[in-house]
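**Q**
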Amino acid sequence: MNRSGANAQSASITHSEAPARLAGIQSAIEQACRDANRAREAVTLIAVSKTFGAEEIWPVIATGQRVFGENRVQESQAKWPELRARQAGLELHLIGPLQSNKAADAVALFDVIHTVDRPKIAYALAEEMSRQGRRLPVFIQVNTGAEPQKAGILPEAADAFIAECRDKAGLDVRGLMCIPPAEDVPAPHFALLAEIARRNDLPGLSMGMSADFEVAIHQGATHVRVGSALFGSRPRPA
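Taking our numbering, the leading residue of the sequence shown gets 4, the next gets one more, and so forth.
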C-alpha cells in the first residue's frame, strides 16, 4: 500500500463506513500474513481511536473489534469507562507519549503500554504497578530515525535501556515499538527494530500504521496500529 495513497484515501472515509472498513483491513492483514508465510493469529490489529468519541468508536466494537489504541490518558479516561461498561473484554493500549505525572492513571486504565522511552517513565510505571497490584506488559519505544522532535530511546542505547527496564525496574518488557520518519521508506526502520528485538529476545514488534502495516507484517510486526484507514480523517482539535 502506498503511504501517501492510503492517507489520501482515509480522508474520504466516513465514520458510518467503519464496520466495512474494518473487514477490509482484516482482509489485508490476512493477505499480508499469507504473503509473509505467517499465521494470522501472530498479528494483533490495534484500532487507533484517538480523537474519536465513544459514539464513533461503538460501531467498530459492535462489529467485533476488541483491541484499541489511544494517545492521551486524559482523553481516554473520558470515554473508555462508558464503552467498557457496554462491552466486556475490551483491551486498551497506550500508544502515545506518557508523562510521569500520568503514570498512576495510565496503569489504572490501560492494559498495555507501548511508549516506555526513558528511565523516569520506566521507574514511575514500575512503582505504580507495584502500588496498584497490576503488572502490565510494556513495549519500549525506539526512535529509529533519531528524530529530535520524536520520543523514543535511540537505537544505540536500546540494549542497555531494555536491560535496565527488565533487571532494575522489573518491568514485563514484551517488545519494541517505533514510528518511522514520515518521509522515509519504512522497511529499513522496521528491519532495524526487528533486529534489536531479536538480539534482546523480545517477541513483540509494535510497528506499522494505516499506510504501511502490510510492510510491517512482512518485517515481523506482531501489533499493527491502524487508525485513519479505519475511522477516517481525524477531527480537528477544538
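For every residue, glycine included, the Cβ atom is placed at its ideal position computed from N, Cα and C.
Since we're looking at a predicted model, the values are computed, not measured.
Does the Cβ-Cβ distance between GLN77 and LYS105 come in under 9 Å?
**A** In the sequence shown, residue 77 corresponds to position 74, counting from 1. In the sequence shown, residue 105 corresponds to position 102, counting from 1. Their beta carbons are under 9 Å apart, which means GLN77 touches LYS105 by this criterion.
**Q** Could you work out which residue in ALA50, ASP108 and ILE199 is closest to PHE142 when comparing CA atoms only?
**A** Along the sequence shown, one-based indexing puts residue 142 at 139. Considering only alpha carbons, the answer is ILE199.
**Q** Does ASN252 pass the burial test, meaning 16 or more other C-beta atoms within 10 Å, or should it be called exposed?
**A** A question about residue 252 goes unanswered here, because the residues of the chain that appear run from 4 up to 241.
**Q** Check GLN152 in the structure and name its three-state DSSP category.
**A** Residue mapping note: residue 152 aligns to position 149 of the sequence shown, counting from 1. DSSP, read as helix, strand or coil, puts GLN152 in coil.
**Q** Span of the beta strand (DSSP E) holding ILE98?
**A** Translated into positions along the sequence shown, residue 98 becomes position 95. Note, ILE98: premise wrong, no beta strand (DSSP E); not H, not E.
**Q** Just the Cα atoms here: how many angstroms apart are LEU25 and THR147?
**A** Within the sequence shown, the letter at position 22 stands for residue 25. Within the sequence shown, the letter at position 144 stands for residue 147. Roughly 29 Å separates the two Cα atoms.
**Q** What residue does the alpha helix (DSSP H) around ALA31 start on, and which one ends it?
**A** As a working note, residue 31 is residue 28 in the sequence shown. Where ALA31 is concerned, the enclosing alpha helix (DSSP H) stretches over 21 to 38.
**Q** If you check the beta carbons only, do ASP251 and ARG202 fall under 9 Å apart?
**A** Absent from the model: residue 251. The displayed extent of the chain is 4 to 241, so no value can be given.
**Q** Per the DSSP calculation, GLY72 is bridged to which residue(s)?
**A** For this step, residue 72 is matched to residue 69 along the sequence shown. Under the DSSP definition of a beta bridge, GLY72 partners with VAL51 and HIS96.
**Q** In chain order, which continuous runs of the alpha helix (DSSP H) of length 4 or greater are located wholly inside the stretch 157 to 233?
**A** 161 to 166, 190 to 202 and 216 to 221
**Q** Determine the closest residue to HIS221 out of PHE193, PRO84 and ALA214, with distance taken between C-alpha atoms.
**A** Position 218 of the sequence shown holds residue 221. The residue with the shortest Cα to Cα distance from HIS221 is PHE193.
**Q** When the Cα of CYS181 is compared with those of ALA197, ARG138 and ALA166, which residue comes out closest?
**A** On the sequence shown, position 178 is the one that residue 181 refers to. Out of ALA197, ARG138 and ALA166, ALA197 has the C-alpha closest to the C-alpha of CYS181.
**Q** Under a three-way DSSP split, which group does GLN144 fall into?
**A** Locating residue 144 in the sequence shown gives position 141, counting from the first residue. It is a strand residue.
**Q** Considering Cα atoms alone, identify which of ALA172, GLN144 and GLN152 is closest to GLU159.
**A** To locate residue 159, count along the sequence shown from 1; it is residue 156. Closest by alpha carbon: GLN144.
**Q** Start and end of the alpha helix (DSSP H) containing VAL46?
**A** Indexing the sequence shown from 1 puts residue 46 at position 43. Segment: none, VAL46 is in no alpha helix (DSSP H) and carries neither H nor E.
**Q** Taking the alpha helix (DSSP H) that PRO129 falls in, what are its first and last residues?
**A** Numbered from its first residue, the sequence shown carries residue 129 at position 126. Checking the displayed sequence, the identity of residue 129 turns out to be Ala instead of Pro. Counting along the chain, the alpha helix (DSSP H) containing ALA129 begins and ends at 122 to 135.
**Q** For LEU208 versus ILE28, is the C-beta spacing smaller than 9 Å?
**A** Position 205 of the sequence shown, counted from the first residue, corresponds to residue 208. Position 25 of the sequence shown, counted from the first residue, corresponds to residue 28. Against a cut-off of 9 Å, the Cβ pair of ILE28 and LEU208 comes out as no contact.
**Q** Could you give the residue range of the alpha helix (DSSP H) that holds ASP108?
**A** For the purposes of this step, residue 108 is taken as the residue at position 105 of the sequence shown. Its alpha helix (DSSP H) spans residues 106 to 112.
**Q** How many Å lie between GLU253 and ASP215 at the Cα?
**A** The first residue shown for the chain is 4 and the last is 241, placing residue 253 beyond what the model contains.
**Q** Can you list, in chain order, the residues of its chain whose CB lies under 6 Å from that of ALA107, leaving out five sequence neighbours each side?
**A** For the purposes of this step, residue 107 is taken as residue 104 along the sequence shown, with counting starting at 1. So the list reads GLU131, once near-sequence residues are dropped.
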